[in-house]
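Letter by letter, the sequence shown follows residues 1095 to 1195 in my numbering. By construction, the Cβ of each residue, glycine as well, lies at the ideal position given by its N, Cα and C atoms. Working notes, structure below.
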Amino acid sequence: MKTCISCGMPLDEQHGLGTETADGQVCQYCLGEDGHPKSCEVIFEGGMQFFMTVEGVDKAMAEKITRKNMNSLPYWQMHGADCLKGEQASDEEFGAVLAKL
Ligand SMILES: [Zn+2]
């Protein structure tokens, strides 16, 4: 299954198929008007809001989970970003949250 290179969301009928960019497939939420993913800050904020909807995840944990998620994705590995520096969730914490999605 294809996933968004910027946020990791599945790209399928249910979530939308995304748009092909120079860097790879980008979902409708991450794609900016210039045809590239939006800024790290914007996507980070969106990720945090998303993970805060998961049961038992507070703001601090949502931040660490989002950072871990984005750091593992191709777009941010290629381009890096200051907003992704800082504390990350452990593999265990990340796995526990993903299991609840
Ligand atoms: Zn995305």
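Backbone CA spacing between residue i and residue j [nearest angstrom]
{"i": "residue 1176", "j": "residue 1137", "result": "13 Å"}
{"i": "residue 1109", "j": "residue 1103", "result": "8 Å"}
{"i": "residue 1123", "j": "residue 1180", "result": "24 Å"}
{"i": "residue 1167", "j": "residue 1149", "result": "24 Å"}
Local Cβ density within 10 Å of residue i, reported as buried at 16 or more and exposed below that
{"i": "residue 1174", "result": "exposed"}
{"i": "residue 1095", "result": "exposed"}
{"i": "residue 1156", "result": "buried"}
Cβ distance (whole Å) where residue i is taken to contact residue j below 8 Å
{"i": "residue 1098", "j": "residue 1119", "result": "7 Å"}
Selection from the options that minimises the alpha carbon distance to residue i
{"i": "residue 1160", "options": "1188, 1107, 1149 and 1131", "result": "1188"}
{"i": "residue 1169", "options": "1158, 1151 and 1132", "result": "1132"}
{"i": "residue 1128", "options": "1113, 1140 and 1142", "result": "1113"}
{"i": "residue 1191", "options": "1135, 1140, 1144 and 1115", "result": "1144"}
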